[in-house]
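Under numbering that gives the first Met the number 0, the first residue of the sequence shown carries the number 0, and numbering increases by one thereafter.
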Amino acid sequence: MPDSHPHLTRYFAQLREQREQALAPLQPFDREQLWLRNPDGQWSPGEHLTHLVKVGRALGNLLTLYLPVASPVAWLLKGRAYNSEPVDIFQRPEYKGMQAMASVRPIAADRANALETLTDDLEQTLARLEELLYRRSESVLGHIRIPYPIAKSINLVQLGSTMAAHEAHHFRKVENWLRER
């Protein structure tokens, strides 16, 4: 099935590759260290990873409800062109360090999670998104739009690139945290 989804397959592979590179340097840190904030109050690696897991779950929940409703209309448009270009909202001039929505912010109870748990959760959320999206052709997914901060709305083919840009943004912050150790 992924062969019929060249853009999504490429974006999801990019996600997995950047995760592998970003998470490897965190292996030596124990659970307590993983949740230590920098002196300037910036999120810890545990908070960044928890945020990414929560965003992935929220997208999965949204798509579970939205895809059955939007797919029939998008199917009618499947012969038309759609945009498959990557979307990186963090490179846009209007991005000024947005605050995460409360529903996807880390909370105190999340601190019980170790790196292995967070890594597994990240993979499970991506697998769920793949399962939901690979059930439909890219020509249909390209006509289903969802709201996304700053970009206003993106289609579901662009979702993979937008997720990769979002994770890369947080992994850069994790790299900054590592430099201060």
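Every residue gets a Cβ at the ideal spot worked out from N, C-alpha and C, and that includes glycine.
- Any chance the region 13-27 sits against the region 110-125, with 3 or more Cβ pairs inside 8 Å? yes
- Relative to the alpha-carbon of L58, which residue among P5, A126, Q32 has its alpha-carbon at the smallest distance? Among P5, A126, Q32, the Cα nearest to that of L58 belongs to A126.
- With DSSP collapsed to three states, give me the class of I143. coil
- Item | Span of the beta strand (DSSP E), counted from its first residue to its last, around S152 | 151-154
- Task: Use the C-beta contact count for P44: other C-beta atoms within 10 angstroms, 16 or more gives buried, fewer gives exposed.
- Result: buried
- Query: What first and last residue would you give for the alpha helix (DSSP H) that runs through V173?
  - Reply: Here the alpha helix (DSSP H) through V173 covers 158-178.
- Query: Touch check for the region 152-161 and the region 124-144: three-plus C-beta pairs under 8 Å?
  - Reply: yes
- Tell me whether N112 is buried or exposed, calling it buried when 16 or more other Cβ atoms sit within 10 Å of its Cβ. buried
- Item | Within the region 49-134, ranges of the alpha helix (DSSP H) (whole runs, at least 4 residues) | 114-133
- Can you tell which of Q41, P71, L7 has its C-alpha closest to the C-alpha of N175? Q41
- Query: How long is the line joining the alpha carbons of H165 and A12, rounded to whole angstroms?
  - Reply: 15 Å
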